[in-house]
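Some notes on the structure that comes next.
Number of protein chains: 2
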Amino acid sequence: MTANKWIIEDTKFEVNNVKETIFTLANGKIGVRGTHEELFEAETPGTYVAGIFDKSEAQVKELVNLPYFWGLRIYIGNEFLNPLECEILDYKRHLNMKEAAIYRYLKVKDKKGRITIIRGIKFLSFKKRNLALAKYEITPENYDEKIYIEHFIDGTTKNSKKNPAEKVKHYKLKNTKVSNDYIYTEAHTRESHYKVSIISFLDCRGNKISKDLDDSITQTVEIFPKKGEKFSVTVYTSIISNREIENLFTENLKELNKAKDMGFEKLFDEHKKELERLWKIANIDIEGDEKADKALRFNIFVLLSMGNPDDEKVSIAAKGLHGEGYKGHVFWDTEIYMLPFYIYVYPKAARAMLMYRYHTLQAAINNARKNGYKGAQYPWESADTGEEETPKWGEDYYGNKVRIWTGDIEYHITADVAVAIVEYLKATNDWDFFLNYGFEILLETARFWSSRVEFNSKKERYEINNVIGPDEFHEHVNNNFYTNFLAKWNILKAIEYTNFVKNNYPKEYEKTIKKVGLTEKEIKHWKEVANKLYIPWDKKSHLIEQFEGYFNLEDKKITEFDEKNMPVWPKGVDLSNLNNYQLIKQPDVIMAMFVLPQEFDDITKKVNYEYYEQRTMHKSSLSPSIYAILGLTIGNHEKAYQHFMRTALVDLENNQGNTEHGIHAASAGGTWQAAIFGFGGMRIENDTLSFHPWLPKHWKSMSYKIIFKENIYNVFITNQNVKITKIPYLK
Amino acid sequence: MTANKWIIEDTKFEVNNVKETIFTLANGKIGVRGTHEELFEAETPGTYVAGIFDKSEAQVKELVNLPYFWGLRIYIGNEFLNPLECEILDYKRHLNMKEAAIYRYLKVKDKKGRITIIRGIKFLSFKKRNLALAKYEITPENYDEKIYIEHFIDGTTKNSKKNPAEKVKHYKLKNTKVSNDYIYTEAHTRESHYKVSIISFLDCRGNKISKDLDDSITQTVEIFPKKGEKFSVTVYTSIISNREIENLFTENLKELNKAKDMGFEKLFDEHKKELERLWKIANIDIEGDEKADKALRFNIFVLLSMGNPDDEKVSIAAKGLHGEGYKGHVFWDTEIYMLPFYIYVYPKAARAMLMYRYHTLQAAINNARKNGYKGAQYPWESADTGEEETPKWGEDYYGNKVRIWTGDIEYHITADVAVAIVEYLKATNDWDFFLNYGFEILLETARFWSSRVEFNSKKERYEINNVIGPDEFHEHVNNNFYTNFLAKWNILKAIEYTNFVKNNYPKEYEKTIKKVGLTEKEIKHWKEVANKLYIPWDKKSHLIEQFEGYFNLEDKKITEFDEKNMPVWPKGVDLSNLNNYQLIKQPDVIMAMFVLPQEFDDITKKVNYEYYEQRTMHKSSLSPSIYAILGLTIGNHEKAYQHFMRTALVDLENNQGNTEHGIHAASAGGTWQAAIFGFGGMRIENDTLSFHPWLPKHWKSMSYKIIFKENIYNVFITNQNVKITKIPYLK
């Protein structure tokens with residue numbers, strides 16, 4: 001590991017799908033996996049554009065793996081220089097997080113003894129999100145031969161490349177044009193009819209040949225460098241889609257020409273400037289713990305890579321723009337795990353993400369109606385239109401079909417969106433958003449819950465039965481604590497804000513109430529539901545039962561941990577019947593305490609933490625960060641640090657074993673929250689900030705910034721001191 | 001090297017384009033390069049169907065690299081089992097020449113320690129040339145996991161894959177259909193509008209999924225084998241084209257179903273039976289020299305793989321169906337180097353090859369007319385229609401355009417075709433062919449020469465100026481010996497056969513003469529031309545000048561040889577001005593003595609052999625075999641053996657350095673001729689066979705068979721004895 005805190009380093013040249021994820025570049029609009037140019041066929045390249053989904057033969061809509069536009073092949077004479085058949089004399093790849101750029105140095109010797117050095121820089125512009133730039137310097141170290149540089153855009157990419165049963169080709173290339181000045185093609189998605197326009201230009205001295213090869217397009221230069229003489233190659237690419245504009249060819253050619261006119265260096269400069277602006281607030285420094293410091297920074301880098309203030313019709317997927325896990329769908333992960341980062345660090349991106357929920361509100365209303373409910377039921381998995389995209393069927397190890405129930409009954413997502421609306425408002429004072437959009441969501445979600453509950457006349461209470469809570473080991477449970485508690489909170493917040501808006505913003509109130517069709521009678525019913533909604537919380541013992549009957553299940557505690565410090569299944573557990581045990585996948589009761597900390601006293605937090613922590617298998621990457629934060633709240637510091645490192649390293653150390661399918665975006669958000677709300681101890685109490693930090697002994701200091709309402713708070717923490725300064729936040 | 005004389009063995013699993021050529025399977029109709037299934041992307045797969053050419057953006061028509069139909073990928077769970085990322089525990093690949101089948105055994109251990117054994121057999125049926133069969137046995141040696149077997153037909157193959165400047169995609173996939181019972185697609189060539197229909201079926205227990213992935217089609221089975229339990233996979237493929245039939249889908253589905261009904265074993269049996277029938281005559285045994293024995297057999301195997309008695313509209317390309325060198329074009333190589341093998345071993349194939357020249361006779365007549373001549377001028381390079389396909393431009397090392405003149409002025413091909421007609425007739429007595437087709441060719445070629453000559457009134461002679469002879473180091477020469485000598489021979493033979501046919505087959509004579517429009521006056525002119533055609537042959541000194549002025553060129557002799565025993569350029573030679581030296585690329589005067597041995601006495605052969613041998617660089621694979629044969633004729637035995645081994649090993653040892661681009665088909669034919677006409681000493685003298693063998697000392701014996709007229713001659717030679725038996729040849 002290099003000592004430079006901004007650098008993630010790779011020193012082994014190899015086919016490695018995990019590193020493809022880690023070295024992904026993304027700018028909120030485009031994501032390109034960190035595939036080596038030369039290993040295009042052997043690895044799992046991925047090129048994604050936010051919002052471009054298609055179903056075709058897939059079970060559900062997927063974020064489309066679009067044509068790969070960063071293809072580059074070097075030929076010495078007519079021999080393709082394939083590093084896999086060469087001796088690797090030297091290799092280094094750096095992800096420079098400060099610059100959001102990949103630097104690569106590769107020195108290879110082919111079978112004929114010819115040594116070639118290839119240096120490259122790549123970035124996806126944060127300033128002009130449609131632009132992708134790559135620049136190479138190539139040196140024929142010890143030979144004097146003709147070299148071809150072939151840049152290609154490959155149209156054979158498929159989703160689920162490594163799963164022949166699920167593999168789908170989602171697009172066809174259309175309107176391909178090649179000339180000396182550009183190569184151009186469009187990927188038209190087969191069912192959803194999106195059109196993604198890609199234009200590219202290879203800037204290099206030498207004879208140029210452009211080719212339409214049907215499934216790919218290429219631009220080649222023929223060069224006769226002298227031995228030892230280095231030459232440079234720049235690839236300009238612009239990607240736009242019919243989500244933004246209709247006249248694709250004309251507009252994209254303009255974009256390309258503007259980029260060429262500016263040149264690589266200026267484009268790189270303006271990109272770095274934008275990054276500098278973002279890092280100025282986003283960066284967190286931990287002195288005394290290099291590993292934690294860098295791991296945390298990587299998670300922040302991932303978060304920065306996914307946000308996009310300019311597009312309010314997309315949101316962030318569970319695997320970011322970094323891979324195809326979960327099909328590019330948006331889950332509660334976005335609002336509960338990731339959004340706080342954006343709220344406090346990149347509020348314009350946060351607003352755009354919430355606007356995505358507003359633009360899909362009608363779809364959520366339709367979804368509720370389809371299921372026999374009122375209001376807005378947000379889909380468990382959401383793509384471009386906001387319809388429910390959860391697959392109905394999965395497969396167990398033996399190829400047997402297994403029904404997936406989350407899309408049907410994991411309702412809490414709807415309350416999670418409501419929580420996000422309120423948290424955003426509290427931190428930003430963005431009443432414009434709230435009054436025009438957020439308030440409406442709050443009302444429609446409250447309305448959903450009020451229609452979803454069932455009245456148990458025997459027990460004189462409302463219940464929410466047959467659900468899945470955050471802990472997905474237990475399906476079809478009744479009165480899940482997290483679900484019921486957040487549903488109640490959602491209804492109460494809707495009532496509270498209805499009153500507040502009515503009194504303070506009567507004009508906006510009228511507009512929204514009219515649109516939503518809310519009556520006094522309905523509000524009365526909401527109050528009744530909230531009052532009588534059953535919450536399985538024994539206030540005397542402080543211990544909360546995750547759902548009705550949970551405490552009667554067989555109780556196996558975790559006692560062993562593997563080499564990655566992850567829990568080992570207790571002996572005798574039947575993995576095909578997890579419904580029968582108290583073991584949980586991820587926090588549920590504890591989750592409620594994390595989401596709504598002000599609703600629980602310290603002793604309750606402590607009692608429940610201690611109970612559930614021993615029973616949590618962390619089979620979701622959403623789990624450890626929550627235990628880190630709660631652990632710090634209740635004073636379990638040592639374990640909190642372990643949990644923090646687990647979540648911070650989830651991708652860098654691939655400790656969930658599935659990083660190849662994309663980044664753990666929720667875990668990245670969870671890591672940031674564990675740093676800020678956990679070690680950094682930031683809380684909102686009575687609408688103001690307070691800080692109760694705790695640092696591990698070996699940490700000398702921690703410093704971070706957050707934006708709260710009109711100010712940027714600069715927080716510097718040592719084990720002796722907390723120093724807070726604030727400056728106005730200029731939006 | 002395995003001791004089994006029928007086996008060519010490969011023991012190293014690697015990306016290797018030379019081995020792809022050597023392990024090519026071909027059956028005269030289809031050729032598939034020996035690409036490893038798993039290395040499809042990294043190697044240079046080639047799938048060719050005889051007669052399917054297309055130009056599109058290429059400089060000239062090319063034999064199209066069609067969709068690759070032998071794709072197979074194994075996935076353990078959802079991980080592609082890529083041997084390049086595995087430890088290769090064991091590997092062996094055999095080309096079984098007796099069976100024209102590839103056997104492969106591969107045992108690999110992946111990064112997770114899972115060991116998989118893959119055994120495979122593949123063949124292209126010699127009995128039903130449209131069928132391609134592959135069978136695998138797969139064993140998950142030490143694991144118990146779900147396995148996917150994905151069979152694919154890939155439609156992204158391109159010509160000149162490794163040359164980005166020349167790369168062309170010649171077809172588009174059309175009419176793709178997938179079902180549980182087959183996957184089907186058609187490759188439609190873009191400019192020539194051929195349609196090649198490919199249908200395939202993956203036979204394996206398990207759930208089957210068929211997919212149209214736009215640029216490829218797949219059939220996948222999901223299997224849950226037990227640890228150590230082997231399972232089998234058979235792929236049935238049938239390939240037909242609109243060259244044969246119009247109703248492609250219906251007919252090819254029938255073909256597939258017939259094949260499935262018969263099953264792999266029976267199809268393999270009938271294929272092997274056909275091979276046995278061919279080998280019965282074709283095989284040559286050399287006792288006492290394993291290396292020579294096997295190398296010779298490999299060349300015979302290659303020749304058998306290229307012949308096809310059932311298709312008289314195609315002929316054999318310079319690189320066979322084994323690669324893309326020379327674009328799949330037919331040269332004089334076919335008639336002069338390869339055809340004798342077919343004449344004496346596989347006469348039905350020989351006839352089909354000559355019929356190709358008959359079917360392209362009109363194109364040759366058009367070609368002559370276009371160039372201002374009469375009669376038939378055969379193209380230097382010929383493809384499907386018989387038009388001239390030689391590229392006009394090449395590129396030198398520095399990317400400068402270089403004019404290629406062979407298509408304009410390497411005229412001797414026309415006489416070479418005439419030679420082949422006469423040789424075929426003499427050996428087979430196939431008067432049916434001669435009277436209906438061959439005679440017409442003989443007349444039109446004679447007519448061409450009579451119009452091509454120029455009268456030099458000063459010297460009172462006919463000349464043929466501005467030509468390239470077989471030795472291509474010297475361009476734009478006047479009165480090349482080989483050209484003039486064969487032109488004269490061509491005219492004289494035409495006159496001779498005109499008389500003979502007139503006297504013996506008057507009806508056929510009338511028909512042909514009428515068709516050709518031949519008059520007594522024209523024949524008189526032919527005689528005049530033949531009499532006065534200048535032949536640069538000083539009968540006193542015996543030494544023949546390759547062309548006028550050759551002896552005045554700077555004379556550098558070859559004195560050094562490289563590690564492959566190939567000549568090294570003499571010091572001081574300027575490679576950019578080879579016209580200035582007596583050094584030659586390949587035999588020219590000696591070539592005439594090889595083609596028409598009866599026209600030269602022994603002393604002339606010896607004098608010229610000794611002169612030219614020292615000046616021949618063997619920069620063509622067509623060279624060594626000729627020196628082997630002539631060497632044996634004149635008694636230069638030791639060098640003859642060296643030349644024989646050079647030509648026999650040209651591909652197995654890649655001694656021309658370009659085997660990756662395809663097999664050296666002419667060299668294969670030359671090897672056979674060196675064996676039979678050289679060591680085997682077979683000659684036709686006065687229309688009967690005679691034998692003057694000579695064997696190297698370490699050869700214990702040599703045995704071969706040839707078909708001559710109505711008999712099969714079985715020849716057994718030792719250093720003491722020649723034993724000849726004959727049995728009737730049943731056509």
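Those protein sequence lines, which keep their order, are chains A and B.
FYI, in the UniProt record's numbering the residues of the first sequence are 1 to 731.
FYI, in the UniProt record's numbering the residues of the second sequence are 1 to 731.
Think of the CB as a built atom: it goes at the ideal place given N, C-alpha and C, for glycine as much as any other residue.
Would you decide whether residue i is buried or exposed? Buried here means 16 or more other CB atoms lie within 10 Å of its CB.
i        : result
A:Asn283 : buried
A:Glu440 : buried
A:Asn479 : buried
B:Ser621 : buried
B:Ala393 : A quick correction: the sequence has Trp, not Ala, at residue 393 of chain B. B:Trp393 should be labelled exposed.
B:Glu166 : buried
B:Ala33  : Reading off the sequence shown, one finds Arg at residue 33 of chain B, where the question assumed Ala. Answer is buried; the Cβ neighbour count reaches 16.
B:Ser690 : exposed
B:Gln582 : buried
Out of the options, point me to the one whose CA is closest to residue i's CA.
i        : options                                : result
A:Val49  : A:Ile316, A:Lys291, A:Ile117, A:Asn96  : A:Ile316
B:Ala220 : B:Gly206, B:Glu229, B:Tyr143, B:Ile584 : Looking at the sequence shown, residue 220 of chain B is not Ala but Thr. Of the candidates B:Gly206, B:Glu229, B:Tyr143, B:Ile584, the one whose C-alpha sits nearest the C-alpha of B:Thr220 is B:Gly206.
A:Met702 : A:Asp687, A:Asn686, A:Trp672, A:Glu710 : A:Trp672
B:Lys515 : B:Asp293, B:Glu246, B:Met355, B:Gln362 : B:Gln362
A:Pro570 : A:Lys557, A:Tyr581, A:Gln582           : A:Lys557
A:Glu423 : A:Lys122, A:Val178, A:Phe708           : A:Phe708
A:Glu475 : A:Tyr184, A:Val345, A:Gln546, A:Asp203 : A:Gln546
A:Cys86  : A:Tyr68, A:Ile115, A:Arg104            : A:Ile115
B:Glu191 : B:Glu57, B:Asn429, B:Ile513, B:Tyr581  : B:Glu57
B:Ile102 : B:Lys174, B:Asn175, B:Val568, B:Asp10  : B:Asp10
Under the three-state reduction of DSSP, which class applies to residue i: helix, strand or coil?
i        : result
B:Trp279 : helix
A:Met97  : coil
B:Asp203 : strand
B:Ala427 : helix
Using a Cβ-Cβ cutoff of less than 6 Å, which residues in the same chain neighbour residue i once the five nearest sequence positions on both sides are dropped?
i        : result
B:Thr414 : Gln377, Tyr378, Thr445, Phe448
B:Lys564 : Asn655
B:Trp332 : Ile413, Asp416
A:Phe301 : Met97
Starting from residue i, find everything on chain A with Cβ-Cβ shorter than 7 Å and list it in chain order.
i        : result
B:Asn163 : Asn78
Check the Cβ of residue i against every Cβ in chain B and list those closer than 9 Å, keeping chain order.
i        : result
A:Tyr148 : Asn163, Pro164, Ala165
A:Gly48  : The residue asked about is misnamed: residue 48 of chain A is Tyr in this sequence, not Gly. Chain B residues near A:Tyr48: none, gap ~18 Å exceeds 9 Å.
Taking C-beta pairs closer than 8 Å, name the residues in chain B that residue i reaches, listed in chain order.
i        : result
A:Thr220 : Pro164, Ala165
A:Tyr75  : Lys162, Asn163, Pro164
A:Asn82  : Val15, Ala42
Using a Cβ-Cβ cutoff of less than 8 Å, which residues in the same chain neighbour residue i once the five nearest sequence positions on both sides are dropped?
i        : result
B:Ile88  : Phe13, Leu106, Lys107, Val108
B:Cys204 : Ile149, Val221, Ile223, Phe231, Ser232, Val233, Thr234
Residues of chain E with CB under 8 Å from residue i, in chain order?
i        : result
B:Ile209 : No chain E appears in this structure, whose protein chains are A and B.
Give me, in chain order, the residues of the same chain whose beta-carbon lies closer than 7 Å to that of residue i; leave out the 5 immediate sequence neighbours on both sides.
i        : result
B:Leu578 : Phe473
Residue i versus chain B: which residues are under 7 Å apart at the beta carbon?
i        : result
A:Leu202 : None at all; the shortest Cβ gap to chain B is about 11 Å.
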